[in-house]
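Number of protein chains: 10
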Amino acid sequence: MAISAFVFVDVIGDHTKSAFKTITRLPGVKNLYSVTGPYDLIVDIEADTLEELDESVLSQIRSVDGVRKTTTSVILKR
Amino acid sequence: MAISAFVFVDVIGDHTKSAFKTITRLPGVKNLYSVTGPYDLIVDIEADTLEELDESVLSQIRSVDGVRKTTTSVILKR
Amino acid sequence: MAISAFVFVDVIGDHTKSAFKTITRLPGVKNLYSVTGPYDLIVDIEADTLEELDESVLSQIRSVDGVRKTTTSVILKR
Amino acid sequence: MAISAFVFVDVIGDHTKSAFKTITRLPGVKNLYSVTGPYDLIVDIEADTLEELDESVLSQIRSVDGVRKTTTSVILKR
Amino acid sequence: MAISAFVFVDVIGDHTKSAFKTITRLPGVKNLYSVTGPYDLIVDIEADTLEELDESVLSQIRSVDGVRKTTTSVILKR
Amino acid sequence: MAISAFVFVDVIGDHTKSAFKTITRLPGVKNLYSVTGPYDLIVDIEADTLEELDESVLSQIRSVDGVRKTTTSVILKR
Amino acid sequence: MAISAFVFVDVIGDHTKSAFKTITRLPGVKNLYSVTGPYDLIVDIEADTLEELDESVLSQIRSVDGVRKTTTSVILKR
Amino acid sequence: MAISAFVFVDVIGDHTKSAFKTITRLPGVKNLYSVTGPYDLIVDIEADTLEELDESVLSQIRSVDGVRKTTTSVILKR
Amino acid sequence: MAISAFVFVDVIGDHTKSAFKTITRLPGVKNLYSVTGPYDLIVDIEADTLEELDESVLSQIRSVDGVRKTTTSVILKR
Amino acid sequence: MAISAFVFVDVIGDHTKSAFKTITRLPGVKNLYSVTGPYDLIVDIEADTLEELDESVLSQIRSVDGVRKTTTSVILKR
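Chains as they are written, first to last, in my numbering: chain L, 161 to 238; chain S, 161 to 238; chain W, 161 to 238; chain X, 161 to 238; chain C, 161 to 238; chain F, 161 to 238; chain R, 161 to 238; chain P, 161 to 238; chain B, 161 to 238; chain Z, 161 to 238.
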């Protein structure tokens, strides 16, 4: 049973385009949205286990140049 | 070209289950997620025009019993 | 020389439609927008003096049923 | 593989003791702490699936009398 | 049908004047206001599509020297 | 009719004394207070027009070394 | 040597006018301003001692009908 | 070795005086201050164990009429 | 009687993995969790006295490369 | 009549120990506490006048290496 989550990403001003291009190619990224409102990007991610979600998806997103802050919201029920 | 948006919903404690059931049936709701993190529910909504997004989807979500605050994030690019 | 300002309005859930209708008819309201993001409504207001802005426009908006909080931003330069 | 999470609970003043007693008996609650700092209680919870975490643990905690706000933090790695 | 939005801009102290001059000349900027209150500038922008709003207007505003944070509010109804 | 406003100034730690000395000498500054509470300095300013308030007073205060954030509150009625 | 302070007052919507009238007549109130920005009213108060500032001025302002929150800023130097 | 802590108390407007009188008489309260700034009262408390700090001091302060929110700061070193 | 506490750690983007490795080896660290939600890491710590909690555990965590902010929550009762 | 106040100090991670040592020796510092919760240090200060509190105590604390933000709370009544 795959684990899915939304990651709300706050990016430093002029890095939004480059961050968008980099994140799109990361493993575990199902969808990526450039959005209005309190966040700059929303990433729809998935992995087989919570540890994999952390190790191979979340930590990569956090390391993208210009990413200031990430807040992760795990999907409990749809 | 359809307009899509995410709505972050903060629900008063014991209304989360009932709000989930009500929102699922609303027009324009593509997906509904019960989540962890700073929000209780995330609604993936869609309409043909921004006015329709407001009139027939957003205003209905805001009126659901127990909904304390909604913040809407329009999808600019995916 | 008229004084112009934006008023960011936070409305209690199911009052947004009624608040929109009431505010549209208030004196001094040039434009009214239902919006996404951290606020529910943005009001573009105008008056001849700051005192008139307060007495006959702002205080009326604050008294509209369902208005939880208003934050006013005076236009200094355009 | 069990899913574990911390739930940070903000309780209305004089309900802290009663909320502590009620939450201790809820299913899925491994540990419950009364704490200092920005929260009143921290609940260490566990379930077999994310859906069960939501349905039979989180929604119960949210419904406890006096619980004002809950924020859930899923454990990704230990 | 054009898409319109307000962009609330927080500028690092002594860049406000230069940011004002730069943003005024950007494509898609209908009006630009220097304001009081929680933001430094408010930009009234417009584009034919949401993607164009993002690509050719918002990303440019975010890249202006001294812009610390932008929050975008899409106009749903007027 | 002069326009008056309060400017709440947040200063980076060890610049408070120097910022106080610099701001005191700026045009349009009626009173300057070193204060306790959420702000470091409060400036009581005045100008003939809102544009002048912005151009020759506010933008100068924002450019003072060590000023991290300013929030302006226009006086509507006294 | 008199003690002076600013009190930032957040008022519930439609009580702003009545709160303004009541506070103007309170002892220790030198000036009262209806303002824009994050607060609704700013009160310039004075007393001979800090205890008097608390007992006969601040506690009265807090008790005015519709006053939701007050934040006090003591003037250290002018 | 006694455990000491500061409790920052946010009180609903007109209850500050009555809350001050009630809290002064509570067991474990070494000092009580009415203050300016982001809080209304600061309580200097002490108990022999953390559990006693919670049970017989903190829970009592939380139950005082008009207390909206408490934040506790344990003293680690002096 | 040992003193236990939770430390909520906010880490600068790409330091999360290295911070996790460093903190795991620190004295006084019972458990360390990589988590979702408003924090990046939660550390379950223990010491014989509050002073030891501060000197040999908390101050070490604060000094780990990439740690932006820590908030400590002492366990009063379990 | 001496003026007393609490100063809540937010320190950048690894400077907490050095800041503690430096502040302890400053004039006007009655007590200094390393604490848990939203702040890192709480300073109990005293001076003969508000101006002296600002000039010779507060401004020194603000200038200590690693001090990110200070919030001062004047004691009105005890």
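Glycine residues also receive a C-beta, built at the ideal position from the N, C-alpha and C atoms.
- Linking residue 200/Z to residue 179/X through their CA atoms gives a straight-line distance of about 29 angstroms.
- Interface annotation for the region 203-216 of chain P against chain R: empty, criterion Cβ-Cβ distance under 7 angstroms.
- Membership of residue 172/X in any beta strand (DSSP E) is not indicated, and neither H nor E is assigned to it by DSSP.
- Burial is judged here by how many other beta carbons sit within 10 angstroms of a residue's own beta carbon; residue 185/S has fewer than 16 and is exposed.
- Contact annotation for residue 236/B against chain P: 210, 211, 213, 214 and 218 [CB-CB distance below 8 angstroms, chain order].
- The beta carbons of residue 213/W and residue 236/F sit about 6 angstroms from each other, so the pair counts as a contact at 8 angstroms.
- Of the residues assessed, residue 162/C falls on the exposed side of the cut-off, its CB having fewer than 16 other CB atoms within 10 angstroms.
- The beta carbon of residue 230/Z sits closer than 8 angstroms to the beta carbons of 167, 168, 169, 170, 218, 221 and 222 from its chain, once the five residues preceding and following it are set aside; these are given in chain order.
- At a beta-carbon threshold of 7 angstroms, the residues of chain S lying near residue 177/W are 219, ordered along the chain.
- Of all residues in the region 186-197 of chain Z, only 194, 196 and 197 place a beta-carbon less than 8 angstroms from a beta-carbon of chain B.
- For residue 215/C, no pairing in a beta bridge is given by DSSP.
- Rounded to whole angstroms, residue 228/X and residue 176/S show a C-alpha spacing of 13 angstroms.
- Residue pairing for residue 186/C: DSSP places it in no beta bridge.
- Each residue's CA atom was taken as its position, placing residue 195/P and residue 234/Z some 5 angstroms apart.
- Pairing residue 216/C with residue 215/B, the inter-Cα distance amounts to about 53 angstroms.
- When the beta-carbon positions are compared, residue 205/Z and residue 189/Z come within less than 9 angstroms of each other.
- Taking CB atoms only, residue 164/R has no neighbour in chain P less than 9 angstroms away.
- With respect to chain P, the C-beta atom of residue 181/R has no partner C-beta closer than 9 angstroms.
- In terms of Cβ geometry, residue 197/C and residue 198/R form a close pair [threshold 9 angstroms].
- Within 7 angstroms of the CB of residue 227/W, the CB atoms of chain R belong to 173, in sequence order along the chain.
- When DSSP reads this structure, residue 207/X sits in a beta bridge with 163/X.
- Shown here, residue 238/B sits in coil according to DSSP, grouped into three states, outside any helix or strand.
- Against chain X, the CB of residue 231/P has a partner CB under 9 angstroms away; the residue lies at that interface.
- Secondary-structure assignment with DSSP links residue 202/C through a beta bridge to 168/C and 193/C.
- In the structure shown, residue 223/B falls within a helical segment according to DSSP collapsed to helix, strand and coil.
- When 182/S, 183/S and 187/S are compared, the shortest CA-CA separation from residue 208/S is found for 187/S.
- Here the C-alpha atom of residue 165/B lies approximately 7 angstroms from the C-alpha atom of residue 232/B.
- Per DSSP, reduced to three states, the secondary structure at residue 176/P is helical.
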